[in-house]
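Residues in the sequence shown are numbered from 1407 upward in steps of one, following my numbering. Below is one structure, written out as structure tokens, with a few remarks after it.
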Amino acid sequence: MRSVTLTKSQLIDAAPATMISSIYTPVEPQSSGSYSMESRLRGKVLIFNQREFSNGYSTRIGTDKDVERLLKVLPRLGYAREHIEVFENLKASGIEKVALKMQKDAQLHLCDSLLVFFLTHGEKNDKLVAKDETFHLYEFMEKFKPAVMPAMAGKPKLFFVQACRGHKMKRGKQLQNWVSETASYVADGVASVFLSAPYAAAVYAAESFSEEESPPGSIPEFSDFLIAMSAQHGHLSFRNEQGSWFIQELCNAIESINPNDDSILDILTATNCAVSKRTRNVDGRPDNRKQISNFYSTLTKKLYFKPFLN
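Here it is, written out as structure tokens:
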């Protein structure tokens, strides 16, 4: 069989319009090496706080402490309190409605960024737990793609997930400066699988794509996303009455940064380091159980939370 390689124009002309639009979204070109964060409306923040459940999952004691801390520290990054919404114990349909409402938010075009926090139980296959049933994290993220949320095209969209990703518990090797936890800890869910980021696996109908074959002035649908997870795939995420390791250390990192010099990657790296130094105790004795948070980024620029200029 004779092999045929299409030219750029032939390939785009031959491809279904729906396929092209699902892969690329036109955006205004930006030349800066960092995201613009100069709007007075720095961004919207959605916090889904799942404490109570009707589907057999235990009450998440301490999650309100995480919410309190987030409300305290997020303004330090420039997010005004009136633009931070907290949603309590929503059903899966309610969580979806929040995302669909955000797509139509009249202020969204003024925002420089969008932050979403999930504080809940986790289950296998990258699922999170709503009040009544599970839902897929990445199906939820589909609702924030530029094709359905064009006002956020080319802007950073950050997702922070406090939830278990499995039932495994890590044991650590003895190092200096480890932090012993004396409180009684519980975990945020059961089995999970490896972070299967959908934006890393776009399916193309044609066989001969090259680096030059994306339409000019466009971006991939899943660029400019960041996901920060409280635990490594397959492992537990610890929490007690004072909150979760991940959210509390994230807030500590936010409070300690220099906003002019430290990027979101600096914040998350500091968070990973602090979480990794914690050790869970059982009956007042260290049992050497560990946790490590992690993050996955398709951000295309550096992201700083510099103070507004007067």
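Glycine included, each C-beta is placed from N, C-alpha and C at the ideal position. None of the values given here were measured: they were computed from a predicted structure.
Going along the chain, which residues of its own chain have a beta-carbon closer than 7 Å to the beta-carbon of residue i, five neighbours each way excluded?
i	result
Asp1538	Ser1460, Asn1461, Lys1497 and Ala1498
Leu1705	Pro1562, Asp1630 and Leu1632
Gly1439	Lys1707 and Lys1708
Phe1711	Met1443, Leu1483, Gly1484 and Pro1665
Ala1536	Gln1456, Leu1496, Lys1497, Ala1498 and Ile1501
Cys1723	No statement about residue 1723 is possible, as the shown extent of the chain runs from 1407 to 1716 and does not include it.
Where does residue i land, buried or exposed, given buried means 16+ other C-beta within 10 angstroms?
i	result
Leu1520	buried
Gln1513	exposed
Cys1570	buried
Phe1550	buried
Pro1713	exposed
Thr1540	buried
Leu1715	exposed
Lys1510	exposed
Thr1526	buried
Thr1465	exposed
His1641	buried
Glu1488	exposed
Could you check the C-alpha separation between residue i and residue j for me, to the nearest Å?
i	j	result
Tyr1702	Ile1633	5 Å
Asp1668	Ala1680	16 Å
Glu1545	Glu1647	31 Å
Ala1505	Phe1454	11 Å
Met1555	Ala1676	31 Å
Val1451	Phe1493	11 Å
Pro1665	Phe1565	20 Å
Val1473	Ala1593	17 Å
His1542	Glu1661	31 Å
Val1433	Tyr1463	In this prediction, Val1433 scores a pLDDT of 48, lower than 50, which makes its location untrustworthy; the coordinate-derived value is nonetheless stated afterwards. Roughly 43 Å between the two C-alpha positions.
Val1479	Met1558	24 Å
Leu1447	Pro1481	12 Å
Gly1500	Glu1655	29 Å
Pro1532	Phe1524	The amino acid at residue 1532 is misidentified as Pro; the sequence shows Asp. When rounded, the distance between both Cα atoms is 13 Å.
Lys1471	Glu1491	16 Å
Arg1475	Phe1652	12 Å
Lys1507	Asn1687	43 Å
Asp1518	Gly1528	29 Å
Gln1638	Leu1516	35 Å
Ser1643	Leu1671	21 Å
Take residue i and list the residues in its own chain whose beta-carbon comes closer than 6 Å to its own, dropping the five residues that flank it on each side.
i	result
Ala1659	Ile1673, Ala1676 and Thr1677
Pro1604	Legend: pLDDT at Pro1604 = 38, less than 50; position of this residue unreliable, value from coordinates given subsequently. So the list reads Tyr1544, once near-sequence residues are dropped.
Met1635	Val1567 and Asn1700
Met1547	none
Val1522	Leu1452 and Phe1565
Just grab the DSSP bridge partners of residue i for me.
i	result
Asn1646	Gly1649
Ile1490	Val1451
Ala1634	Phe1566 and Phe1701
Leu1520	Lys1450 and Lys1563
Ser1669	Tyr1710
Ser1440	Lys1708
Phe1541	Leu1534
Just to confirm my understanding: we take residue i, look at its own chain, exclude 5 residues before and 5 after, and list those with CB closer than 8 Å. What are they?
i	result
Ile1467	Val1592, Arg1645, Asn1646 and Glu1647
Gly1649	Gly1468, Thr1469, Lys1471, Asp1472 and Arg1475
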